[in-house]
Amino acid sequence: MSLPAEFALIARHFRPLAGEGALGLADDAAVLDIPAGRRLVVAADAMVEGVHYLPADPPETVGRKLLRVNLSDLAAMGAAPLGYLMTTSFARGTADAWIAAFARGLAEDQRAFGLAALGGDTTVTPGPACLSLTILGTVAPDAVLTRAGARAGDDVWVSGTIGDGALGLRVLRGELPGDAEGHLVRRYRLPEPRLALGGALAGLARAGLDVSDGLVQDLGHLCRAAGCGAVIEAAAVPFSAPARAALAADPALLPVLLTGGDDYELLFAAAPADRAGIEARAAAAGVAVTRIGGFVPGAAEVTVRGADGQRMSLASGGWSHF
């Protein structure tokens, strides 16, 4: 007797992704050994067609982005990847070739980041597609980085560059001139999880998270967890060369860069006494970091100062689903 269509699809596309403990994706659950002296870290993120990726995006990059945005959550906690569970609700009529390419993207980044599938579920929906991934990682007990812990007087640091993903989405939507295969679009489709940096910050960073919903909004999360405010200098925020060129052509894009999201960079707090240590560890991890402001006493709110030293007025702090 041949396999039902659902199980044949799993065997064809997803079983090759299975790792140790997944039991060949043929059982009801995975069985895992957690390394001695490590704590388990679990996170989940979903991507909905038309919300987190565009219908015309290449399926390989959709698979890779799904894995990467979840890996970014592990990086924010200082954790190393262990494996993942994935639930796919494909839109009815999705071509087998699309699913095959999606799985190839997952396989490529599994190899790059050192993890494998452990299980999940596959369903069909009238649409749009919804792709959900639960990622597992491990971390040393004394190396867990959480959102709580920043103090007034601490520095605000961010990795990489900010705003590329938000601009890349605008390029794809035809709202901004640009190359559909260029840097900005690549950063939107393929964010870089800062796993090495997250692990290197242990003992120095006091609090941190990854920037998914916008720099200003996500910094507000750190402020609320700490019970203090933060001031950042717009001129200090790191932008890539393509983002700076876009900003030079249209200065009104600055709020988009600061609040647009899809950055997946690490945003963290550290004491001023640890500046040299932060820079040394970031250099060893191969990631640029920039000090963009500081935490201050007072209400848990974020102030962005413009080049004139005055507080910038922002219509929104960042992305919200509701």
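To convert, note that position 227 of the sequence shown is 227 in UniProt numbering; the numbers rise steadily by one, no gaps.
Where is the CB? At the ideal position from N, CA and C, for every residue including glycine.
Where residue i sits in the DSSP three-state scheme
i: F268; result: strand
i: residue 332; result: Look at the range of the chain in this structure, 1 to 322, and you will see that residue 332 is not part of it.
i: E20; result: coil
i: R173; result: coil
i: H321; result: Per-residue confidence for H321 stands at a pLDDT of 43, beneath the threshold of 50, marking its modelled position as unreliable; no derived number is given.
i: I10; result: helix
i: A152; result: coil
i: residue 375; result: There is no way to answer for residue 375, as the model of the chain reaches only from 1 to 322.
i: A80; result: strand
i: A117; result: strand
i: D73; result: helix
Proximity to residue i [Cα-Cα], best of the options
i: L201; options: C228, S159, R187; result: S159
i: T259; options: R305, A271, G163, I292; result: G163
i: R15; options: A112, L106, H52; result: L106
i: D179; options: L209, G120, P242, G214; result: P242
i: P297; options: G229, G182, A100; result: G229
i: S89; options: V302, R291, A46, A285; result: A46
i: W98; options: G37, D57, A236, S313; result: D57
i: V62; options: G293, V231, Y188; result: Y188
i: V51; options: G137, A5, L169, L17; result: L169
i: P238; options: V289, D121, L67; result: V289
i: D154; options: V124, I135, L219; result: L219
i: G214; options: R111, G286, Y264, Y53; result: Y264
Alpha-carbon to alpha-carbon, residue j and residue i
i: V211; j: R173; result: 22 angstroms
i: I10; j: G203; result: 42 angstroms
i: R244; j: P251; result: 9 angstroms
i: A26; j: G19; result: 12 angstroms
i: P35; j: S240; result: 39 angstroms
i: D33; j: A282; result: 31 angstroms
Residue(s) in a DSSP beta bridge with residue i
i: V231; result: G294, T303
i: C130; result: V48, S89
i: L40; result: T138
i: D27; result: DSSP lists no partner for D27.
Heavy atom of the ligand ADP within 7 angstroms of residue i beta-carbon
i: I232; result: In the structure shown, the ligand ADP is absent, as is every other ligand, since no ligand is present at all.
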